[in-house]
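Novice: Quick one: the structure is below, questions incoming.
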Amino acid sequence: MSKYSIITLEEVQSTNSYALEHIDCFEDGTVVYTPRQISGRGRYNRKWISDNTENLYVSIVLKPENTQSYPFANLTQYLSVILCKYLEQEQNLKPVIKWPNDILIDGAKISGILAESDMKKNKINAVVLGFGLNVNLKQSTLENIDKKAVSLSVIKNKTFDTENILKKICDMFFESYNSFIEEGFGYIYDDYVKRCGFLGQNIKISEAGGKKSYFAKSIDNEGFLLVNDELNNECKILTGDILC
-14 MSKYSIITLE EVQSTNSYAL EHIDCFEDGT VVYTPRQISG RGRYNRKWIS DNTENLYVSI
46 VLKPENTQSY PFANLTQYLS VILCKYLEQE QNLKPVIKWP NDILIDGAKI SGILAESDMK
106 KNKINAVVLG FGLNVNLKQS TLENIDKKAV SLSVIKNKTF DTENILKKIC DMFFESYNSF
166 IEEGFGYIYD DYVKRCGFLG QNIKISEAGG KKSYFAKSID NEGFLLVNDE LNNECKILTG
226 DILC
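Going by this note's numbering, 106 is the number at position 121 of the sequence shown; the sequence numbering is gapless.
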């Protein structure tokens, strides 16, 4: 699929919530965009600071025909690779991925991703793939965020056209989308792994039972994180967040 359509909303609580609420009205490949998202959220219902018009807030509606082989679990990883390529090719930056899908520049978060599903009769009817990208946030605003964050404007010392950035990212996303859904995580494996800056390091992961320490070994062919625990036992991490 190379074609897509962009719907621009002046203001919305959350692009993901809006897309899910109106999912039956949207075709496959619809992109919902707003310059002002007043109740954004990330993984595990974390708040995404977004009560301004300085960022890029986007949700991509995907309605796969063949759900049997569709790589649902790796969608956010595919998007993380696309965002990294945009930052590299268009902005001459060196982003890294913090598993599974946060994008960092010099240890500061610049982008986050959240995928949510719409279910019909116990089957996935559609996926809403949302992302935020810090574009024109000023340093004074970034300093009020509880975790280290950065924006393109602060890095480059200029103001950006967010809609132009959106179009370039969407072009890159849909140009390779068919190849990704046909081949799955294997299609992006090398691109993903080489951008994972934490591999070969001791890390802490936030899990349901609290924080645990591991040694990050590698990413397996399904996109899961392989680690050694404190007793040197190999473990496969399916969910959780790497703590900076």
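From the three backbone atoms N, C-alpha and C, an ideal C-beta is built for every residue, glycine too.
Buried or exposed: which applies to LEU216, given that a residue is buried once 16 or more other Cβ atoms fall within 10 Å of its Cβ?
Specialist: For this step, residue 216 is matched to residue 231 along the sequence shown. Exposed: under 16 other Cβ atoms inside 10 Å.
Novice: On the three-pair Cβ rule with 8 Å, is the region 151 to 169 touching the region 63 to 73?
Specialist: The region 151 to 169 vs the region 63 to 73: in contact.
Novice: Compare the C-alpha of ILE8 against each of TYR174, GLN124 and LEU114 and name the closest.
Specialist: For the purposes of this step, residue 8 is taken as the residue at position 23 of the sequence shown. Of the listed residues, the one whose Cα sits closest to ILE8 is LEU114.
Novice: If you drop the 5 nearest sequence neighbours on each side, which residues of the same chain put their C-beta closer than 6 Å to that of PHE158?
Specialist: Taking the sequence shown and counting its residues from 1, the one referred to as residue 158 is at position 173. Excluding sequence neighbours, PHE158 sits near ILE67.
Novice: Let's test the definition: count the other Cβ atoms within 10 Å of the Cβ of ALA266 and tell me whether it reaches 16, buried, or not, exposed.
Specialist: Only positions -14 to 229 of the chain appear in this structure, which leaves residue 266 out of reach.
Novice: If you reduce the DSSP assignment to three classes, tell me which class GLY115 lands in.
Specialist: Here residue 115 refers to the residue found at position 130 of the sequence shown. GLY115 falls in the strand class under three-state DSSP.
Novice: Quick check on the DSSP output: what are the complete beta strand (DSSP E) runs of length 3 or more inside the region 58 to 139, in order along the chain?
Specialist: If we require 3 residues or more, the beta strand (DSSP E) runs fully inside the region 58 to 139 come out as 81 to 83, 87 to 90, 93 to 105 and 108 to 119.
Novice: Under a Cβ-count criterion, where at least 16 other Cβ atoms within 10 Å of its own Cβ denotes burial, should GLN22 be classed as buried or exposed?
Specialist: As a working note, residue 22 is residue 37 in the sequence shown. The residue in question, GLN22, is buried, as its Cβ has 16 or more Cβ neighbours within 10 Å.
Novice: Is GLU75 a contact residue of the ligand GTP, with contact defined as CB to any heavy atom under 7 Å?
Specialist: As presented, the structure is devoid of all ligands, the ligand GTP included, so that no description of it is given.
Novice: Quick one, are the C-beta atoms of PRO85 and CYS69 less than 8 Å apart?
Specialist: The residue you call residue 85 lines up with position 100 of the sequence shown. The residue you call residue 69 lines up with position 84 of the sequence shown. It is not a contact, given that the beta carbons lie outside the stated cut-off.
Novice: Could you check which residue in ASP214, ASN40 and GLU219 has the C-alpha nearest to that of ASP205?
Specialist: Position 220 of the sequence shown holds residue 205. Here the closest residue by C-alpha is GLU219.
Novice: Taking all protein chains shown into account, decide if GLY194 is buried (16 or more other Cβ within 10 angstroms of its Cβ) or exposed.
Specialist: Along the sequence shown, one-based indexing puts residue 194 at 209. Exposed is the call here.
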